[in-house]
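Since the structure comes first, as structure tokens, the remarks are kept for the end.
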Amino acid sequence: MPLDVVQLLDEKGNPTMTWTLTNAWPTKISSPTLKSDGNEVAIQTIVFTRAAVERIMRYAFELARRQGRKKVTSVTKSNSMQHSNVFWDEVFDLVSRDYPDIAAEQCHVDAMAARMVRNPESLDVLVASNLFGDILSD
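Numbering (numbering that gives the first Met the number 0) for the sequence shown: 0 to 137.
As structure tokens, this is what we get:
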């Protein structure tokens with residue numbers, strides 16, 4: 000399965016930031032809005048597989064190596080998504096140990112949005128789920 004790789008270019012066309020998106024997605028393991036007497040409920044589930052998450056993270060670290068980048072930043076929201084994003088963070092921590100030559104850091108998606116505007120030069124390679132990568136790339 001192809002990976003989505005997005006690059007932000009400077010005015011000369013040189014990549015200033017690169018991020019990759021996983022194939023993790025909101026799934027159909029969910030329910031439609033349950034219509035009732037004004038107490039509707041909607042449920043949506045995000046599925047991360049270990050294989051997909053590890054694959055995209057290794058791709059991000061290898062991309063950093065190939066491009067001579069010094070850091071990979073994982074974009075997450077584990078403070079509010081305590082299962083899927085905590086899992087994401089744990090896999091990132093394990094994978095990053097295999098790349099001691101590249102700094103690894105984690106950042107919540109809302110803080111990353113502000114950082115991309117205020118301090119984009121502090122970023123090299125970002126790795127994010129499709130949900131967060133899509134938000135940040137807009």
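Cβ atoms here follow ideal geometry from the backbone N, Cα and C, with glycine treated the same way.
Per-residue burial, residue i [other beta carbons within 10 Å of its own, 16 or more giving buried]
| i | result |
| --- | --- |
| residue 23 | Its pLDDT being 49, under 50, residue 23 is placed unreliably by the model, and nothing is read from it. |
| residue 76 | buried |
| residue 12 | exposed |
| residue 113 | exposed |
| residue 126 | buried |
First and last residue of the uninterrupted alpha helix (DSSP H) at residue i
| i | result |
| --- | --- |
| residue 53 | 49-65 |
| residue 89 | 83-95 |
| residue 135 | 129-136 |
| residue 111 | 108-117 |
Beta-carbon spacing of residue i, residue j below 8 Å
| i | j | result |
| --- | --- | --- |
| residue 111 | residue 74 | yes |
| residue 109 | residue 63 | no |
| residue 87 | residue 121 | no |
| residue 130 | residue 115 | no |
Contact set for residue i: own chain, Cβ-Cβ below 6 Å, skip 5 residues either direction
| i | result |
| --- | --- |
| residue 83 | 45, 47 |
| residue 98 | 60 |
For residue i, the first and last residue of its enclosing beta strand (DSSP E)
| i | result |
| --- | --- |
| residue 73 | 70-75 |
Does the count of Cβ pairs from the segment 65-72 and the segment 103-110 closer than 8 Å reach three?
Yes, the segment 65-72 touches the segment 103-110.
Under 8 Å, with one C-beta from each stretch per pair, do the segment 45-55 and the segment 78-93 reach the 3-pair mark?
Using a Cβ-Cβ distance cut-off of 8 Å, the segment 45-55 and the segment 78-93 are in contact, since at least three pairs of beta carbons, one from each stretch, lie closer than that value.
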